[in-house]
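**Student:** Numbering (the numbering used here), first residue to last: 1 to 88.
Glycine included, each C-beta is placed from N, C-alpha and C at the ideal position.
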C-alpha cells in the first residue's frame, strides 16, 4: 500500500483547520489534496486526537500482522490435513 505524504498529526491539523471555519476547498488547495481525500480523512480521523490516531494506527498494524499469522496457520493446517489424508 502506498505510504501517505502526511502523518496522522498533519492530517488532524488539516481537519482542525477546516473545522475552525476555513472553506474546505481552500484547505484542500492550500495543502495540495483532493476533496475526496479530505473527506476520506474526515471519515477516518474526524473527532480523533493525535494520541487516539496513533493508537488507531498501532491497532491497525497489529490487526494486519495477526491476520497474516492466522492465514499462515490455516495454510499450514490445510497442508497437514492433505498430507495426513493421503493413503501411503
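Taking the alpha helix (DSSP H) that residue 5 falls in, what are its first and last residues?
**Tutor:** Residue mapping note: residue 5 aligns to position 5 of the chain shown, counting from 1. No alpha helix (DSSP H) contains residue 5, which DSSP labels as neither H nor E.
**Student:** My assumption, with CB atoms under 8 Å, is that residue 66 sits in contact with residue 56. Please give the rounded CB distance.
**Tutor:** On the chain shown, residue 66 is found 66 positions in, with the first residue counted as 1. On the chain shown, residue 56 is found 56 positions in, with the first residue counted as 1. Actually they are not in contact, since the Cβ atoms of residue 66 and residue 56 sit about 16 Å apart, beyond 8 Å.
**Student:** I'd like the list of long-range same chain contacts for residue 41, defined as Cβ closer than 6 Å, with 5 residues on each side in sequence excluded.
**Tutor:** Here residue 41 refers to the residue found at position 41 of the chain shown. Cβ neighbours of residue 41 beyond the five flanking positions: 11.
**Student:** Less than 8 Å separating the beta-carbons of residue 34 and residue 24?
**Tutor:** Against the chain shown, residue 34 aligns to sequence position 34. Against the chain shown, residue 24 aligns to sequence position 24. Taking 8 Å as the Cβ cut-off, residue 34 and residue 24 do not qualify as a contacting pair.
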